[in-house]
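A.B. asks:
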Amino acid sequence: MTVTLSVSLKSDTLTALWARAVEQRPDAPAVHDDRSTLTYAELDAYSNAVARDLRLAGVGAESPVALHLRRGIGLFAGVLGVLKAGGAYVVIDPRYPAARRQAMIDGSGARVVLTESDWTADSHAETVLALTPYDPAEDVEFVPAVAEPNSAACVLFTSGSSGKPKATVLEHRGVVGFARNRGLPELTPQDRVGQIASPSFDAFHFEIWCSFAHGAQIVVLPALPDLLASDLQRTLRRLRVTAMLVPTMAVNHVVREDRDAFSPLRILHTGGDAILAGTCRDLLAGSFAGRFFNLYGPTEATTACTAFEVAGLAPDADSVPIGSALEGARVYVLDEQLQPVAPGQVGQLHVGGRGVARGYLNEPALTASRFLPDPFQGDGSRMYATGDLVRVLADGLLDFVGRADHQVKIRGYRVEPGEVERVLQRHEQVRDAAVLAHGHDQDRNLVAFVVRRGPLQPSELRAFAERELPDHMVPAKIVVLTKIPATDNGKRDREALLELLAADEARIRAHQPPTSRTEVLLAKIWSTLLAVEDIGVADDFFVLGGNSMLAFRVRQQVKRELGVAVDIGSILENPILRDLAAVLDGLGEQAARK
0 MTVTLSVSLK SDTLTALWAR AVEQRPDAPA VHDDRSTLTY AELDAYSNAV ARDLRLAGVG
60 AESPVALHLR RGIGLFAGVL GVLKAGGAYV VIDPRYPAAR RQAMIDGSGA RVVLTESDWT
120 ADSHAETVLA LTPYDPAEDV EFVPAVAEPN SAACVLFTSG SSGKPKATVL EHRGVVGFAR
180 NRGLPELTPQ DRVGQIASPS FDAFHFEIWC SFAHGAQIVV LPALPDLLAS DLQRTLRRLR
240 VTAMLVPTMA VNHVVREDRD AFSPLRILHT GGDAILAGTC RDLLAGSFAG RFFNLYGPTE
300 ATTACTAFEV AGLAPDADSV PIGSALEGAR VYVLDEQLQP VAPGQVGQLH VGGRGVARGY
360 LNEPALTASR FLPDPFQGDG SRMYATGDLV RVLADGLLDF VGRADHQVKI RGYRVEPGEV
420 ERVLQRHEQV RDAAVLAHGH DQDRNLVAFV VRRGPLQPSE LRAFAERELP DHMVPAKIVV
480 LTKIPATDNG KRDREALLEL LAADEARIRA HQPPTSRTEV LLAKIWSTLL AVEDIGVADD
540 FFVLGGNSML AFRVRQQVKR ELGVAVDIGS ILENPILRDL AAVLDGLGEQ AARK
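Following numbering that gives the first Met the number 0, the numbering of the sequence shown begins with 0 at its first residue and continues without gaps.
1) Measure the alpha-carbon distance for A242 versus E335 and round it to whole angstroms.
2) What residue ranges within the stretch 352 to 393 form continuous alpha helix (DSSP H) runs of no fewer than 4 residues, ordered along the chain?
3) With the cut-off set at 8 angstroms, would you say A56 and Y39 are in Cβ contact?
4) Leaving out five residues on either side along the sequence, give the residues of the same chain with a beta carbon under 7 angstroms from the beta carbon of T247.
5) Whose C-beta lies closer than 6 angstroms to the C-beta of T302 among residues of the same chain, with five residues either side of it excluded?
6) Among the residues of its own chain, which have a CB less than 8 angstroms from the CB of A356, if the five just before and after it don't count?
7) Counting pairs of Cβ atoms below 8 angstroms between the stretch 208 to 215 and the stretch 378 to 394, do you hit three or more?
8) I'd like to know whether the C-beta atoms of V450 and I483 end up nearer to each other than 8 angstroms.
9) According to DSSP, is D404 helix, strand or coil?
10) Where does C153 sit, in a helix, a strand or coil, going by DSSP?
11) By DSSP, does E465 sit in helix, in strand, or in coil?
12) Taking just the CA atoms, how far does L186 sit from N180?
13) What residue range does the alpha helix (DSSP H) around R191 cover?
14) Is the beta carbon of L480 less than 8 angstroms from the beta carbon of G535?
15) Would you mind stating whether V219 and H31 have Cβ atoms separated by less than 8 angstroms?
16) Quick one: what's got a C-beta closer than 8 angstroms to A97's C-beta in the same chain, skipping five residues either side?
17) Go through the stretch 266 to 292 residue by residue and report every complete run of the beta strand (DSSP E) that reaches 3 residues or more, in order.
18) If A76 sits next to S46, beta carbons under 8 angstroms apart, how far is it from one beta carbon to the other, in whole angstroms?
19) Would L497 be called buried (16 or more neighbouring beta carbons within 10 Å of its own) or exposed?
20) Quick check on the DSSP output: what are the complete beta strand (DSSP E) runs of length 3 or more inside the stretch 507 to 538, in order along the chain?
21) How would you call V250, buried or exposed, if buried means at least 16 neighbouring beta carbons within 10 angstroms?
22) Going by CA-CA distance only, name the one from L16, D26, S107, T517 that's closest to A580.
23) Between which two residues does the beta strand (DSSP E) carrying K476 extend?
24) Compare the beta carbon distance of F594 and Y331 with 8 angstroms and say whether it is the shorter of the two.
25) Hey, V309 and F287: beta-carbon distance below 8 angstroms or not?
26) In or out: A603 buried (at least 16 other Cβ within 10 Å) or exposed?
27) Helix, strand or coil: how does DSSP classify D117 here?
28) Does the count of Cβ pairs from the stretch 85 to 105 and the stretch 125 to 136 closer than 8 angstroms reach three?
29) With 16 as the cutoff for other CB atoms within 10 Å, does K558 come out buried or exposed?
30) Could you tell me the alpha carbon to alpha carbon distance between R506 and D315, rounded to whole angstroms?
31) Tell me which same chain residues have a C-beta within less than 6 angstroms of the C-beta of S116, skipping the five on either side of it?
32) By the three-class DSSP mapping on this structure, what secondary structure does M548 have?
33) Pop quiz: V429 and L460 are said to be a contact at Cβ under 8 angstroms. What is the actual Cβ separation, rounded to whole angstroms?
34) Could you give the DSSP three-state label for N444: helix, strand or coil?
35) How is A427 classed by DSSP in three states: helix, strand or coil?
36) For D33, tell me which candidate among F540, P221, E137, R54 has the shortest Cα-Cα distance.
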């Protein structure tokens, strides 16, 4: 297959970035998935065939094209094909529910959907095209469309407070600026970049465009849940992965289990939520010898606008800064009058520079409310009001405090739950914490969800909070979890936390207190091991957070407290407290008759 480029591509565009990569490294591997590997030249040829089909379907300048494809080589050919045809790609994650997928297609205005041949019935649009397999024998001559730096490159959806996802339009120059940003460690042609992000999420831009900008190879890895369930270090070594962007929640979880899991990497980026200072110290104390960066940036500022190299974290730091502005970005910490706040004071972060998105598609009022004229520039440029609260530290770095829309009034006081989280995380037995407001008006209070490092009762943590925080910031309820739930994109899943809280409250409402001596002692043992208060006879050991390892400890304490020897199988087969107490009473009676 051959390709003819008879036009001059603008340098600050993704099509030019790709053409340069093909010219410099045509025979180098570009993408590897579980089926095959294509070189830069082969992927270029494949994407030209895709672009031809899209152009024949009417795709032209800035036409949104929905890509409903599996993560693999075909997806990358689809992205490149859309851009070469002049369009803007809208990647639809096939894991999303059907209603969400269709809402993204409709909300983007995509009249063309490119999908797998066996999925054509799942998409509804004016034109549904099946992705053709790569054919090395096919000969296509194709002239790419000439995009401008300010042409639309893609449409990404972010969650909206109304429940309706917002379609954010990113331009070529913003994505190119991120891909080539000199504020980040430079990838090399020898790097193999692990691809794990949902292609509908902006972390995908690191994986595709930073890789292509530097001639690196993309390695499509298993979905994140499957990857984390495997031997991660072994998988990374086997596939020779050297660079990744991993969601913060996943890094917190992985390092807790194995601080050396990321040791094969030369570059590790994280972002999407607050990375724990303890996680960073644990990671750097192990065998990981690469460079570790905490990235910050909303979709509306094109993936990342600030960065902090974690090796510079102070030994006694309670939190990890989000760092300083990347090349081409301007960051301002402003009050409600859009005036800079004093160092150390909390203000809303506003971002200017080339990475600022065009705005929200077909949402002029919302765009005008968030994309504001930059009062510090005289060139008519705009800045994006992130809704994130930060403070400037003494060394000039930015410290993330929380979301402005997460601030709540508790007994008349304005409270930022993120500040409460940080205090709880300072307790030596707390690995992670999430704090939410619950209730309405005068009945509103804070609920803390915590992951323990070791033995810790809610009452102990509450006493610690009372010593460290004013009364209105002390959580009224503390729920112990084995991990903080996360969304597919690696952010804290607040809806899941509220569901867990509702389930716990339902359990308490149905509470049937223990009455017999065995039930009372067993409830006390469970409460100590599981850090759950008010355990009743109808409660389930596993629902409360128990597992086989904790069952072993139940067995030990039952032997010590009751003098009854019970096997692990009986504990696992009788998870309801009332049932297990009856088993223990029966064993006690048998022992007494002997």
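Where a beta carbon is used, it is the ideal one built from N, C-alpha and C, also for glycine.
Bear in mind the structure is a predicted one, so any value in this text is a computation, not a measurement.
C.D. replies: Answer, in terms of the structure:
1) To locate residue 242, count along the sequence shown from 1; it is residue 243. To locate residue 335, count along the sequence shown from 1; it is residue 336. Rounded to whole angstroms, A242 to E335 spans 39 angstroms at the Cα level.
2) 363 to 369
3) Within the sequence shown, the letter at position 57 stands for residue 56. Within the sequence shown, the letter at position 40 stands for residue 39. No, the Cβ-Cβ distance between A56 and Y39 is not below 8 angstroms.
4) Walking along the sequence shown from the start, residue 247 turns up at place 248. Hits under 7 angstroms: T269, G270, G271, D272, A273, I274, G489.
5) Start at 1 with the first residue of the sequence shown, and residue 302 comes out as number 303. Only F177, D201, H204, G296 meet the Cβ criterion.
6) For the purposes of this step, residue 356 is taken as the residue at position 357 of the sequence shown. T167, V168, L169, E170, G173, T298, E299, A300, T301, F370, Y383.
7) no
8) On the sequence shown, position 451 is the one that residue 450 refers to. On the sequence shown, position 484 is the one that residue 483 refers to. Yes. Within cutoff.
9) Along the sequence shown, read from residue 1 onward, the residue named residue 404 stands at position 405. D404 falls in the helix class under three-state DSSP.
10) Here the question's residue 153 lines up with position 154 in the sequence shown. Correct three-state label for C153: strand.
11) Start at 1 with the first residue of the sequence shown, and residue 465 comes out as number 466. Residue state, collapsed to three classes: helix.
12) As a working note, residue 180 is residue 181 in the sequence shown. As a working note, residue 186 is residue 187 in the sequence shown. Rounded to whole angstroms, N180 to L186 spans 11 angstroms at the Cα level.
13) Here residue 191 is taken as the residue at index 192 of the sequence shown, counted from 1. No alpha helix (DSSP H) contains R191, which is instead part of the beta strand (DSSP E) from 191 to 194.
14) Counted from its first residue, the sequence shown places residue 480 at position 481. Counted from its first residue, the sequence shown places residue 535 at position 536. No. Outside cutoff.
15) If you number the sequence shown from 1, residue 219 lands on position 220. If you number the sequence shown from 1, residue 31 lands on position 32. Against a cut-off of 8 angstroms, the Cβ pair of H31 and V219 comes out as a contact.
16) On the sequence shown, position 98 is the one that residue 97 refers to. Closer than 8 angstroms at Cβ, skipping near neighbours: D121.
17) 266 to 270
18) By one-based count along the sequence shown, residue 76 stands at place 77. By one-based count along the sequence shown, residue 46 stands at place 47. Going by Cβ atoms, the distance from A76 to S46 rounds to 5 angstroms, so yes, they are a contact pair.
19) Position 498 of the sequence shown, counted from the start, is the residue given in the question as residue 497. Looking at its Cβ environment, which holds fewer than 16 other Cβ atoms inside 10 Å, L497 is exposed.
20) none
21) Here residue 250 refers to the residue found at position 251 of the sequence shown. Its Cβ being crowded by 16 or more others within 10 Å, V250 is buried.
22) For the purposes of this step, residue 580 is taken as the residue at position 581 of the sequence shown. With distances taken between Cα atoms, A580 lies closest to T517.
23) Within the sequence shown, numbered from 1, the residue matching residue 476 stands at position 477. Looking at the DSSP string, the run of the beta strand (DSSP E) that includes K476 is 476 to 480.
24) With the chain covering 0 to 593 only, the question about residue 594 has no answer from this structure.
25) Here residue 309 corresponds to residue number 310 of the sequence shown, with the count starting at 1. Here residue 287 corresponds to residue number 288 of the sequence shown, with the count starting at 1. Contact flag unset, no.
26) Because the chain is modelled from 0 through 593, residue 603 falls outside the range shown and cannot be assessed.
27) For this step, residue 117 is matched to residue 118 along the sequence shown. Here D117 sits in coil by DSSP.
28) no
29) Taking the sequence shown and counting its residues from 1, one reaches residue 558 at position 559. Burial call: exposed.
30) If you number the sequence shown from 1, residue 506 lands on position 507. If you number the sequence shown from 1, residue 315 lands on position 316. If I take the Cα positions, the gap works out to 40 angstroms.
31) To locate residue 116, count along the sequence shown from 1; it is residue 117. Counting only Cβ-Cβ distances below 6 angstroms, and skipping sequence neighbours, we find A129.
32) Position 549 of the sequence shown, counted from the first residue, corresponds to residue 548. Note: M548 maps to helix in three-state DSSP.
33) Here residue 429 refers to the residue found at position 430 when the sequence shown is read from its first residue. Here residue 460 refers to the residue found at position 461 when the sequence shown is read from its first residue. Confirmed, Cβ separation roughly 7 angstroms.
34) Working through the sequence shown from its first residue, we reach residue 444 at position 445. It is a strand residue.
35) Counting from one through the sequence shown, the residue named residue 427 turns up at place 428. One point to set straight first is that residue 427 is Glu, not Ala, in the sequence displayed. Note: E427 maps to coil in three-state DSSP.
36) By 1-based counting over the sequence shown, the position of residue 33 is 34. Looking at the Cα atoms, P221 is the closest of the given residues.
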